[in-house]
Amino acid sequence: MKKLWPAPLALLLALPAFFLSGTPQAVTAITVTSPPSGRTAVKACAEFSEDVMHDKWDMNERTDLGWWINNVTGQPPSYLSNISFAGGIFSAKTAYTGPGDYSDMNITLLDSHIPGSLPIGKTGAVYPIDANKYTVLAMRMYLGPVAVSETCGFIYWSNNTVYNGFGYSNPYPV
Numbered sequence: 006m007k008k009l010w011p012a013p014l015a016l017l018l019a020l021p022a023f024f025l026s027g028t029p030q031a032v033t034a035i036t037v038t039s040p041p042s043g044r045t046a047v048k049a050c051a052e053f054s055e056d057v058m059h060d061k062w063d064m065n066e067r068t069d070l071g072w073w074i075n076n077v078t079g080q081p082p083s084y085l086s087n088i089s090f091a092g093g094i095f096s097a098k099t100a101y102t103g104p105g106d107y108s109d110m111n112i113t114l115l116d117s118h119i120p121g122s123l124p125i126g127k128t129g130a131v132y133p134i135d136a137n138k139y140t141v142l143a144m145r146m147y148l149g150p151v152a153v154s155e156t157c158g159f160i161y162w163s164n165n166t167v168y169n170g171f172g173y174s175n176p177y178p179v
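First residue of the sequence shown: 6, per the numbering used here; consecutive thereafter.
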């Protein structure tokens, strides 16, 4: 076995350290001048439910979600029971919908207008969301222990009513 000469090996190991360290430079202090020190007020973003319906979706009362959340017989059913709103938290229990290992619950912020009916209540026909102004949907969701290994959610939306077609998001993990 051929022995390596110690000097070239030491030089080979030292070169990366030399190139990474560079030449020492004088350190200049950075002074922050804006925003001024102390607390800075930041304007909240526009919130559709507060701006348009004057009922913030803060999950403190039943009116924070669409009426169909109580639906158990019509279409689409919510598949929810034990619904409660308290301390800024909406809570419910899902019902098994089969035939797979999942529960296909439905939660609406604005109910869909039913074609042929009067456009009243908290529906998209009465309160259309201006997607040019309201561009972000933020939510936090917790799903208790489940029997299946993969859980996901979808966001569905429509222009006025889901009965004339709708769009949906890619699945997101829950």
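Backbone N, C-alpha and C define an ideal beta-carbon position, used for all residues, glycine too.
Counting only the Cα atoms, CYS157 lies some 11 angstroms from TYR147. Only residues of its own chain outside the window of five on either side were considered, and among them SER83, LEU85, ILE88, ILE112 and THR113 have a CB closer than 7 angstroms to the CB of ILE74, listed in chain order. For SER54, the enclosing alpha helix (DSSP H) stretches over residues 53-56. In terms of Cβ geometry, TYR177 and VAL57 do not form a close pair [threshold 8 angstroms]. Here the stretch 123-131 does not lie against the stretch 91-100, with fewer than 3 beta-carbon pairs under 8 angstroms apart. Judged by DSSP in its simplified three-state form, ASN137 adopts coil rather than helix or strand.
The C-beta of SER117 has 16 or more other C-beta atoms within 10 Å across all chains shown, which makes the residue buried.
Taking C-beta separations shorter than 7 angstroms and ignoring five residues to either side along the sequence, the partners of LYS138 in its chain run ALA51, following chain order.
With fewer than 16 other Cβ atoms from the protein chains shown falling within 10 Å of its own Cβ, VAL179 counts as exposed.
Look at THR36 here: in three-state DSSP terms it is coil, with no helix or strand label. The beta carbon of PRO124 lies closer than 7 angstroms to those of HIS118, ALA130 and VAL131 in the same chain, with the five residues before and after it left out. Between ALA100 and GLU55, the alpha-carbon positions lie close to 31 angstroms from each other. Remark: C-beta atoms of TYR168 and PHE159 do not approach each other more closely than 8 angstroms. If you check the CB distance, ASP69 and PHE53 do not come in under 8 angstroms. DSSP places ASN111 outside both helix and strand once states are collapsed to three, so it counts as coil. In the structure shown, the three-state DSSP call for ILE119 is coil.
Annotated three-state conformation of TYR147 is coil, per DSSP.
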